[in-house]
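Numbering (my numbering), first residue to last: 234 to 1265.
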């Protein structure tokens, strides 16, 4: 059956079909969303709850524990971890991959609603949850600052004038404000004045709460007209609160201003942010999942002049971080490499054919296949991202193969004297099955990738699908357009230019040289087979000695940093040290800008630490590599006393569910806290002495200072003072208690009650506080309580409701993640870590451990899949082995390239090896297919058949292999943003193809003859058995 015949005979229909594919692809390219990586839902949800003033132990037992008990009942929950810090509970829920994230969200929301009755009734807001997804990171961050306006006022302007407008833009998913201070009215009480007027803090609390109401009061509907009723039920300014009467003493009013200082301030004074060295409010903007990240960013920037004009003149709005800069640079780099790969492939084709018309025939398959893939990408909802474009770049060397094989076969018939039309019909009919075999077996290699169910598999699904689609379109082009063009564009017989004549002469010399070497190897088949078997041993050895990795570290131009100071540092001290480090880093010529923030929020969990996001200057403007820059910044930060700076580059693909001090982390957890901390200290001490590990850090901050108030309950009872009265007094004094809310047309604001900080510099202020007894008199706290100071953890960490600690680390230069994993396991054995203390890798380290188990199985699954497909195509169990004998040399070449360049075998390299498995077997298929046809149709011997196949198929084999090598070279030599992901793929492809090409041209014929003899002996034995049995 000749699949190509109707297309050869109907050139107009074939041309229009190809034009339709081209036009649909071009249209889809304009509509494709652009992103750094495919949209992948991570099965991780974080639940955060804020309770200002609560210490870690209160947060753990009052908020975290009730929620954890409810979350623990959710089906499909894989791991639950939590952090309880001052005023913050953060619970991270990791679900199994087979649980849809939408279902997990519903379950989490239902659990939060069910647990509302178990939580403190005075929480400022119910727990909120969010998905932890790298694709949901802010695409652009704006900084808003002012030299004259206070930060709370700037925050209010941003909240009321900018945030809503930005959220209304097409493609914007969410707008959130960070780092600033939400405005509030603060009532700062003088405890001595309060006592002088015989008032307690609960008295003040009760009086203020009654001043604001926001309820409907109705109206009047008379006989002639209708009137609404309005009431001055809201106090909305500091002056109005100062005049508020809170009590009567001796017939005279006691106003709030007489016992407290009232001011417009911040809702939480333990939050601060700076852009460079300037206080600021940050606006984080996230995109919708299907939106084009570049278009959304451009819309935001286009709106900025209008938004800036709506703000006071003293307010500055600047773009702080723009993630699309790295995405644009990375995608632009891939596009440039894609165009270069296509051009190089065309040049290689021309170098062999030396005819413009002959070069155009196979070359047209490249743009058609790649552009046609865009249409499929759009239909299935994919984006133009680093992985999909990388698939098309590497595919540029693949998709031309089928067209070259088709052209070469038709040209052979043309050289035998057939007309162009006859040559096209005969050549396409003969080679059609071979092309189908080549394509189906190549796509079969990608099947294991398509069915990987972990996060990595989901990430690379778009890569595999795009490559498979491009290969399928190239097959369609090769079976339709290529033979049709050959029937019309092939030059007349005998028409050869000087270049074509020179090429033909060069090719004849090459074939003659190859013929002599081939005859030599076939005369020494045992030695040739020994060499092939030796490649298997060398491949195994290289796999054993090459270090393993997870994903390459990407240079996105953005660094994240944790600044940590002493556990008992005051907030003002933390702010001073944070700013000092910021100024030191800004002096580095590679730093463009930075944002710095401190305080407890959903990212930062302790008051003694802060976060920084550091923007580096563009890649081409730097004076050093990323590692050198990071080391230089660490040295600058070391000049600030009593602080530690932990730096790591921001990665587009990030499996971490928390910001840690190092790039990798693991968790220790045990039922007993003292046991856990003892063994954690021992393990960390051991790991810090290992050369493969760097920046090993423990997150157990246990040296915070705490004042413990011991209430003598018997004395309190005799004085008529309840424990609730004491707690209410302390809550109102020191916890930034939000006691009321007042509303305006544009926003709502909290009223915060506290002791004036000028009267509360240390715990001695407790001696001046009084509580009201049941008899109505005021009793000093000192009459029933004693104070002592002790150490206390700044945060309480748990995994599966057991106490836990997190250990983070980086890799020392020249060491791999596989070495670090081995070091951790050795240290665990060396110190004798008991079974009661569990160790669990987290994030990228856990992903690496899983990938290490999957790598060999993934490659084995690809080989088995290909064997099964080839067996079905050839109706043979022997010949697929001959074809697969090309694989060890390709794997050896790939691993040799990694070893010589000092690169680890990471997942990108593994993907490259899998592609090699599908690509290099094409050479074997072309040889075996021709040899089998010669044996069956002409009855020649196996020796003659495989020799003819090797000589006749040498040119298409060289052309297809060289095209694939040339297509991979731009990836191998990639520079700029995102190059770290593309380089391993290029090195693996080039190394594997070159070594495989050198060896398989000689080993494949020897293997073919070995299995032919084996098959003949089996048939002979079967014939003798049948004869002796009287059968046949």
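Idealized CB from N, CA, C, for every residue including glycine.
On the premise that residue j lies in contact with residue i, defined as a C-beta separation below 8 Å, what is that separation, rounded to the nearest angstrom?
{"i": "residue 627", "j": "residue 1204", "result": "7 Å"}
{"i": "residue 712", "j": "residue 237", "result": "5 Å"}
{"i": "residue 492", "j": "residue 422", "result": "6 Å"}
{"i": "residue 1267", "j": "residue 807", "result": "Here the chain covers residues 234 to 1265 and nothing more, so residue 1267 does not appear."}
{"i": "residue 1229", "j": "residue 1083", "result": "The pair is not a contact, with the Cβ atoms about 30 Å apart (cut-off 8 Å)."}
{"i": "residue 1164", "j": "residue 1241", "result": "6 Å"}
{"i": "residue 1222", "j": "residue 1196", "result": "Not quite, the Cβ-Cβ distance comes to about 12 Å (not below 8 Å), so this is no contact."}
{"i": "residue 799", "j": "residue 837", "result": "Actually they are not in contact, since the Cβ atoms of residue 799 and residue 837 sit about 16 Å apart, beyond 8 Å."}
{"i": "residue 268", "j": "residue 618", "result": "5 Å"}
{"i": "residue 1054", "j": "residue 1081", "result": "7 Å"}
Can you have a look at residue i and say buried or exposed, based on whether 16 or more other CB atoms are within 10 angstroms of its CB?
{"i": "residue 725", "result": "exposed"}
{"i": "residue 945", "result": "exposed"}
{"i": "residue 249", "result": "exposed"}
{"i": "residue 969", "result": "buried"}
{"i": "residue 256", "result": "exposed"}
{"i": "residue 174", "result": "For the chain, the structure presents residues 234 to 1265; residue 174 sits outside this window and is missing."}
{"i": "residue 337", "result": "buried"}
{"i": "residue 1031", "result": "buried"}
{"i": "residue 224", "result": "Here the chain covers residues 234 to 1265 and nothing more, so residue 224 does not appear."}
{"i": "residue 635", "result": "buried"}
{"i": "residue 770", "result": "exposed"}
Tell me whether residue i sits in a helix, a strand or coil according to DSSP, three-state version.
{"i": "residue 443", "result": "coil"}
{"i": "residue 692", "result": "helix"}
{"i": "residue 960", "result": "helix"}
{"i": "residue 760", "result": "helix"}
{"i": "residue 1266", "result": "The requested residue 1266 does not occur in the structure, where the chain is confined to residues 234 to 1265."}
{"i": "residue 875", "result": "coil"}
{"i": "residue 430", "result": "coil"}
{"i": "residue 820", "result": "coil"}
{"i": "residue 930", "result": "strand"}
{"i": "residue 278", "result": "strand"}
{"i": "residue 787", "result": "coil"}
{"i": "residue 490", "result": "helix"}
{"i": "residue 831", "result": "strand"}
{"i": "residue 1119", "result": "coil"}
{"i": "residue 921", "result": "coil"}
Report the option in the options whose CA atom is closest to the CA atom of residue i.
{"i": "residue 596", "options": "681, 521, 894 and 710", "result": "710"}
{"i": "residue 624", "options": "1130, 664, 679 and 613", "result": "679"}
{"i": "residue 350", "options": "300, 313 and 873", "result": "300"}
{"i": "residue 420", "options": "433, 471, 466 and 376", "result": "471"}
{"i": "residue 265", "options": "1207, 321, 614 and 498", "result": "614"}
{"i": "residue 894", "options": "1093, 1044 and 275", "result": "1044"}
{"i": "residue 934", "options": "1000, 719, 553 and 1028", "result": "1028"}
{"i": "residue 235", "options": "1063, 666, 1232 and 267", "result": "666"}
{"i": "residue 1353", "options": "1137, 353 and 765", "result": "For residue 1353 there is no data in the structure shown, the boundaries of the chain being 234 and 1265."}
{"i": "residue 362", "options": "752, 721 and 281", "result": "281"}
{"i": "residue 929", "options": "936, 937, 722 and 918", "result": "918"}
{"i": "residue 694", "options": "271, 609 and 948", "result": "271"}
{"i": "residue 984", "options": "768, 444, 382 and 839", "result": "444"}
Which residues in the same chain as residue i place their Cβ atom closer than 6 Å to its Cβ, once the five residues preceding and following it in sequence are excluded?
{"i": "residue 845", "result": "794, 827 and 829"}
{"i": "residue 1249", "result": "none"}
{"i": "residue 1051", "result": "780 and 781"}
{"i": "residue 532", "result": "402"}
{"i": "residue 582", "result": "592, 595 and 596"}
{"i": "residue 1255", "result": "Legend: pLDDT at residue 1255 = 47, less than 50; position of this residue unreliable, no value from coordinates given."}
Identify, in the order they occur along the chain, each residue of the same chain with its Cβ nearer than 8 Å to the Cβ of residue i, setting aside the five sequence neighbours on each side.
{"i": "residue 485", "result": "none"}
{"i": "residue 526", "result": "266, 267, 268, 269, 372, 520, 556, 557 and 560"}
{"i": "residue 365", "result": "275, 277, 278, 279, 325 and 890"}
Ignore the nearest five residues each way along the sequence and tell me which others in residue i's own chain have a CB closer than 7 Å to its CB.
{"i": "residue 866", "result": "818, 821 and 880"}
{"i": "residue 1239", "result": "754, 755, 758, 761 and 762"}
{"i": "residue 825", "result": "848, 849 and 850"}
{"i": "residue 247", "result": "240, 713, 714 and 717"}
{"i": "residue 642", "result": "660, 663 and 664"}
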